[in-house]
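Participant: I'd like to ask some things about the structure below.
There are 2 protein chains.
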Amino acid sequence: MDNDKYKLLIVDDEEDILEFLGYSLKREGFQVFTASNGKDGISKAKKEIPHLIIMDVMMPEMDGISAVEEIRNNKSLDETLIVFLTARSEDYSQIAGFEAGADDYIAKPIKPKVLISRVKALLRRSLKKDSGKIVVIGNLVIDQEKFEVLLDGKKIILPKKEFKLLKLLAASPNKVFTREEIFVKVWGDDVIVGDRTIDVHVRKIREKIGDNLIKTVKGIGYKLEN
Amino acid sequence: MDNDKYKLLIVDDEEDILEFLGYSLKREGFQVFTASNGKDGISKAKKEIPHLIIMDVMMPEMDGISAVEEIRNNKSLDETLIVFLTARSEDYSQIAGFEAGADDYIAKPIKPKVLISRVKALLRRSLKKDSGKIVVIGNLVIDQEKFEVLLDGKKIILPKKEFKLLKLLAASPNKVFTREEIFVKVWGDDVIVGDRTIDVHVRKIREKIGDNLIKTVKGIGYKLEN
DNA sequence: TTTTAGATTAAGAAATTGTTAAATCACACC
DNA sequence: GGTGTGATTTAACAATTTCTTAATCTAAAA
């Protein structure tokens, strides 16, 4: 199995468990990320957009259920699967967890084989068809299928040319695209438009996603900074 | 929730459990069927094509795992979810169960609240991905078999082309279908129709299901938003 | 300071879609 | 085979959105 295409995020405050689970899952080929509290978990989730999150219910600072609620509010994490780790027979947290938007739970103590079976079963069922048409740059998600851009999980609609231009820049973050290049790739070889046209489009995109992401490189062109 | 849409089959050799679970789930509105052994379970499953099967692992005559293997070999039960009931800490059967094609397991003793949460979570999760015979988008249900659309439970009749178009959009909610794509998939490769034909059809559908569901993505196409 | 590339703004052009009504088509029914 | 009903398509025009330009302003480089 191509487990290496899946990103897993493990969130637990106990270093031992983090390491133990991380080790077991890495051995199966998964890309594993970890976080040791709810807050960090949320920010890592937003950054990596994992396919599946394994989250401890009981944690200091921010408990798992609150974290999941926040994650579920983020549009770009809509498809992410969430598995709770709960202490055995904490039935209440199971129910609350499902209500918060979890997809499964696993009771502690955790046996790696069980965890792996479960993770695989979830991924198998849920991600049969994965999009692969999504580009993520920092807190910006560009979904080519839905033709929408998410900034910090907030949906933004861009007109065709603006979307195309942003998509181009996002395809190679930090690379400077010359005006020449942009013309060819966005407008096409044959179309002739004035010089200021690009500027205006860049401006409109900046209006929508903020001024910090697209940098001007004077005399050369533009780049999307990461 | 419209639990009455869902058929559940419970397979267990203990009469008590059968009754207890059946009662709990019926109270939630599900259509409940029961069987007291693996063989009977298989034949009832084939007959009713339930959405979800709850199956005891340990049973006389035919154990749950063999039964699940046989069920999974049946094409029409491909989409059916399967939940195992296992005695606590029987880790081995968990793994074997997943390998046989189960989607989840629940440890005995069973608490109804937990069971119900779990069942609902499974149905919710898998229905999202289900591109099978029935598609649900918000308050819209599209039944491809009966060739009808329900809006807030009220039946709406759509002519062939309109239905085909709506079905296409509903097959991948939120995905933007280009006009190109729509032409090919609804009208066919060879048919040539005018540009406004799609618009008119979209308009007619909107007249019937409301203006909010089908969004126009200018310059690209249409999508059914969720 | 001067020069130059880019930023900004508003307005009109261009492109795309919405809407309506009427024409055409398909098919069941007599 | 005709007739009628509803489905489908076309055509004309309206409405809307997007794109481009042009004019003016700003800031960085020379």
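Chains P and G are the protein sequences, given in the same order. Residue 225, in numbering that gives the first Met the number 0, is where the first sequence stops; the numbers in between run on with no holes. Residue 225, in numbering that gives the first Met the number 0, is where the second sequence stops; the numbers in between run on with no holes. Even for Gly, the Cβ is constructed at its ideal location relative to N, Cα and C.
1. Taking the alpha carbon of residue 162/P as the point to measure from, which residue in 139/P, 151/P and 174/P has its own alpha carbon closest?
2. Go through its chain and collect everything with a Cβ distance to residue 45/P's Cβ below 8 Å, but skip five positions before and after it.
3. Determine the chain G residues that contact residue 159/P at a beta-carbon separation under 9 Å, and present them in chain order.
4. For a contact defined as C-beta to C-beta under 7 Å, what are the partners of residue 146/P on chain G?
5. Leaving out five residues before and five after residue 181/G in sequence, what residues of the same chain have Cβ atoms less than 8 Å from its Cβ?
6. Looking at the secondary structure, which residues open and close the alpha helix (DSSP H) in which residue 180/G lies?
7. Kindly indicate the opening and closing residues of the alpha helix (DSSP H) around residue 37/P.
8. Taking the CB atoms as reference points, tell me whether residue 10/G and residue 28/G lie closer together than 8 Å.
9. If you reduce the DSSP assignment to three classes, tell me which class residue 83/G lands in.
10. Among 49/P, 48/P, 47/P and 40/P, which one has its Cα closest to the Cα of residue 64/P?
11. When we look at the beta-carbon of residue 102/G and count the other beta-carbons within 10 Å, is it buried (16 or more) or exposed?
12. Whole angstroms is fine: what's the gap from residue 269/G's alpha carbon to residue 67/G's?
13. Among the residues of its own chain, which have a CB less than 7 Å from the CB of residue 156/P, if the five just before and after it don't count?
14. Going along the chain, which residues of its own chain have a beta-carbon closer than 7 Å to the beta-carbon of residue 223/G, five neighbours each way excluded?
15. Who are the near neighbours of residue 81/P in its chain, counting only those whose CB is closer than 6 Å to its CB and skipping five residues on each side?
16. Would you list, in sequence order, the uninterrupted alpha helix (DSSP H) runs of no fewer than 4 residues that lie entirely inside the segment 140–184 of chain P?
17. Considering just the uninterrupted stretch of the alpha helix (DSSP H) at residue 66/G, what are its terminal residues?
18. Quick one: is residue 18/P buried, meaning 16 or more other Cβ sit within 10 Å of its Cβ, or exposed?
19. Taking DSSP as the reference, what is the three-state secondary structure of residue 29/G?
20. Measuring straight from C-alpha to C-alpha, what distance separates residue 193/P and residue 118/P?
Facilitator: For this structure:
1. Residue 162/P sits at position 163 when you count from the first residue of the first sequence. Among 139/P, 151/P and 174/P, the Cα nearest to that of residue 162/P belongs to 139/P.
2. Numbered from its first residue, the first sequence carries residue 45/P at position 46. Once the five neighbours on either side are set aside, the close Cβ partners of residue 45/P are 73, 75, 76, 138, 151 and 152.
3. In the first sequence, the residue the question calls residue 159/P occupies position 160. Those are 216, 217, 218 and 219, listed as they occur along chain G.
4. As a first step, residue 146/P must be located in the first sequence, where it is residue number 147. For residue 146/P, the neighbours in chain G by C-beta distance under 7 Å run, in chain order, 175, 216 and 219.
5. What you label residue 181/G is simply residue 182 of the second sequence in a count that begins at 1. Take residue 181/G, set aside five residues on each side of it, and the residues of its chain with a beta-carbon closer than 8 Å to its own are 164, 167, 197, 220 and 221, in chain order.
6. In the second sequence, residue 180/G corresponds to position 181, counting from 1. Start and end: 178–181.
7. For the purposes of this step, residue 37/P is taken as the residue at position 38 of the first sequence. Counted as a single uninterrupted DSSP element, the alpha helix (DSSP H) harbouring residue 37/P occupies residues 37–47.
8. In the second sequence, counting from the first residue as 1, residue 10/G sits at position 11. In the second sequence, counting from the first residue as 1, residue 28/G sits at position 29. Taking 8 Å as the Cβ cut-off, residue 10/G and residue 28/G do not qualify as a contacting pair.
9. For this step, residue 83/G is matched to residue 84 along the second sequence. Under the three-state reduction of DSSP, residue 83/G is assigned to strand.
10. Here residue 64/P is taken as the residue at index 65 of the first sequence, counted from 1. When only C-alpha atoms are compared, the closest one is 40/P.
11. By 1-based counting over the second sequence, the position of residue 102/G is 103. For residue 102/G, the number of other beta carbons within 10 angstroms of its own is at least 16, and it is reported as buried.
12. The first residue shown for chain G is 0 and the last is 225, placing residue 269/G beyond what the model contains.
13. Residue numbering aside, residue 156/P sits at position 157 when the first sequence is read from its first letter. The residues are 147.
14. Taking the first residue of the second sequence as position 1, residue 223/G is located at position 224. Within the same chain, residue 223/G has close Cβ partners 136, 168, 169, 172, 212 and 213.
15. Residue numbering aside, residue 81/P sits at position 82 when the first sequence is read from its first letter. Take residue 81/P, set aside five residues on each side of it, and the residues of its chain with a beta-carbon closer than 6 Å to its own are 52, 67, 101 and 102, in chain order.
16. The segment 140–184 of chain P contains these whole alpha helix (DSSP H) runs: 159–170 and 178–181.
17. Here residue 66/G corresponds to residue number 67 of the second sequence, with the count starting at 1. Where residue 66/G is concerned, the enclosing alpha helix (DSSP H) starts and stops at 63–71.
18. As a first step, residue 18/P must be located in the first sequence, where it is residue number 19. Its Cβ having fewer than 16 others within 10 Å, residue 18/P is exposed.
19. For the purposes of this step, residue 29/G is taken as residue 30 along the second sequence, with counting starting at 1. Of the three classes helix, strand and coil, the one that applies to residue 29/G here is coil, per DSSP.
20. Here the question's residue 193/P lines up with position 194 in the first sequence. Here the question's residue 118/P lines up with position 119 in the first sequence. Residue 193/P and residue 118/P: Cα-Cα distance of roughly 54 Å.
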